Structures are given as structure tokens and as C-alpha cells.
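Sequential numbering of the sequence shown, starting at 1, is according to full-length UniProt numbering.
Below is one structure, written out as C-alpha cells; the observations come after it.
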Amino acid sequence: MLDLRTVTVMRYILPLREGGSLPALAEADDDFKYVLKFRGAGHGVKMLISELLGGKITEALGLKIPELVFVNLDADFGRTEADEEIQDLLKFSEGLNLGLHYLSGSIAYDSNVKIDPLLASKIVWLDAFITNIDRTFKNTNLLIWHKELWVIDNGASFYFHHSWQNFDVAAKTPFKYVKDHVLLSQASLLDEADKLAHEVLNDTIFRKIVDLIPDDWLHWNDAEENPNEIREIYFQFLKNRLENSQIFVNEAKNARE
């Protein structure tokens, strides 16, 4: 469950311009299509780390999420691209990126559709845990595929790492943005979701997840720590946030009232 395959992009199909970071649909050498997230876009490798950590925690909680893969992008890949913006994006994304398996035929979740209260509560719990600010009525980042609800796009999570200080304080703070969550009104079983999360998440899983972060993504200009020290900070954030989950659970419960 916690391993990732590595594929290589063979064909750039089209940009998905609804995303601010210009993700793209691409075909890899395993003949599958992926939504490709680029290291050269927006918040760069920190966005990829958010996608990776958030995605594997989503998976550990038993929620549906497209398969995550590491994606190699060759240095020559973007030279034939006519769009200069996309060409620059591809050039600055040479090396290891991240992809999510493309769910062909999926449709965006309609917030008017009622879902199971426990499922809604688990997704709200997840987003409060990973501090994901981007699962709102404006942008649900949920898909319906084969009559099931799938979680996508966790790249706007772990926002403490953009300032990279006081991670221990950040781990124990409420998640005020939960009030805007698209599923909050349906999340009537937050205590049950919290209990289930504590049954499946633990230090061993957190360690395995943070160890997935490639060294290549952990050389930051705004941090003095080396890759192993950065991984340790992510681990401590996850550990401390789980231990103090009642803080953000209570915030979500209050926001529902």
C-alpha cells in the first residue's frame, strides 16, 4: 500500500487548465494515463510533498484515491511544445514529478448529492488533519467514478511548510478553514471518524509515508535542514497532530453548529 511505482512520461496530451499549477494529462511508459503534477509549477516540490503525504494518508484511512506514482520527465520532453508557458513548465520540471492515475469518465462531485455521513466525516477529518484548504464548494476536489466518491488533489495541504517554522505549534492548532469544507454539513460523525483514524494511523505508518519523500524534493533554499531532518519534521508534525486531534475535531464540530 505504501510503495509507489515509478513511470516515465511518453506523451504529453493536454494541459488541465482548471488547476492553478497547470497539471496535465499525460501517457506513461506503462500505457496508462496520469494527471501529472509538476515540480516546476506554483509551490514546486512542496506541493508534490503535500500530494504525496496527503495521498498516502488518504489511502491509509481507507478512502478512495487514484493510484499515486512517481513520474520521470526527460530533459528533452518539452522542446517540441508550442506553448511557451507549458514549455517553460516542462523544462523546469525535469526529473522526478508526481502523477495520479487518470479516472476516465469520472465526473466532479456535486455538493447537492448526499453521501454517507461517516464517509463525509472521514474526509473532513482527513482535510483538517493534513490542513487542506482546498476542498470547498468552489473547488470540491472530489470525483464520482463507478458510483463511488474519490479524493483527489491534496496539494494545498501542510501549509506550515511554506513558512517552515513553528511546526510543533502548527501541529496543535485548530483548522479554521474547515468552516468552508464542502462536506462539513454532512459530517455528523466526526467523533466516530476520529476514533477510526486513531485505530489505523500510527507512528509506523507515518514513518513509512515520510520515508517515501525523495531526497531530490528536499533540498530547499529556505531551510537549513538536510533531507533526513526535513523528513523528521514532517513525521513529528503528523505524530503530534494525531495526538492532538481533538483540537481540530472540536473546531469542525463547532463550525457545524
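Yeah, the Cβ is synthetic: ideal placement off N, Cα and C, and Gly gets one too.
Just so we're clear, the structure is a prediction, and the values are computed from it rather than from any experiment.
- Spanning the alpha carbons of Leu-119 and Ala-26 requires a straight line of approximately 30 Å.
- In the structure shown, Trp-150 falls within a strand segment according to DSSP collapsed to helix, strand and coil.
- For the pair Glu-148 and Lys-64, the CB atoms are nearer than the 7 Å cut-off.
- Rounded to the nearest angstrom, the gap between the Cα atoms of Leu-242 and Phe-129 is 7 Å.
- According to DSSP, residue pairing for Pro-15 in a beta bridge involves Ala-24.
- Here Asp-29 is exposed. Its C-beta has fewer than 16 other C-beta atoms within 10 Å.
- For the pair Val-210 and Phe-237, the CB atoms are not nearer than the 7 Å cut-off.
- Bounds of the alpha helix (DSSP H) holding Gly-54 are 45 to 60.
- Annotation: the stretch 196 to 227 contains the following complete segments of the alpha helix (DSSP H) (minimum length 4 residues), in chain order: 203 to 210.
- In the structure shown, the three-state DSSP call for Val-71 is strand.
- By the neighbour-count definition (other C-beta atoms within 10 Å, threshold 16), Asp-194 is a buried residue.
- Straight through space, the alpha carbons of Val-113 and Asp-222 are spaced by roughly 43 Å.
- Sequence-distant Cβ neighbours of Val-182 in its own chain, meaning closer than 8 Å and more than five residues away, are Tyr-109, Ser-111, Arg-135, Thr-136, Phe-137, Thr-140 and Leu-142.
- DSSP places Lys-37 in the uninterrupted beta strand (DSSP E) bounded by 33 to 37.
- Taking C-beta atoms as the reference points, Ser-121 and Phe-38 fail to come closer than 7 Å.
- With a cutoff of 7 Å on beta-carbon distance, Leu-100 and Val-45 are scored as not near each other.
- Ranked by Cα distance from Val-7, the first of Ala-41, Asn-72, Pro-23 and Thr-58 is Asn-72.
- The bridge partners DSSP lists for Thr-8 are Asn-72.
- Contact between Val-249 and Leu-190 is confirmed by a C-beta separation of about 5 Å, below the 8 Å threshold.
- Between Ile-107 and Trp-150, the alpha-carbon positions lie close to 10 Å from each other.
- Looking at the backbone, the Cα of Val-169 and that of Gln-246 are separated by about 15 Å.
- Counting only the Cα atoms, Glu-257 lies some 32 Å from Met-47.
- When Tyr-102, Glu-85 and Ala-75 are compared, the shortest CA-CA separation from Leu-68 is found for Tyr-102.
- In the three-state DSSP reduction, Leu-96 falls in the strand class (E or B).
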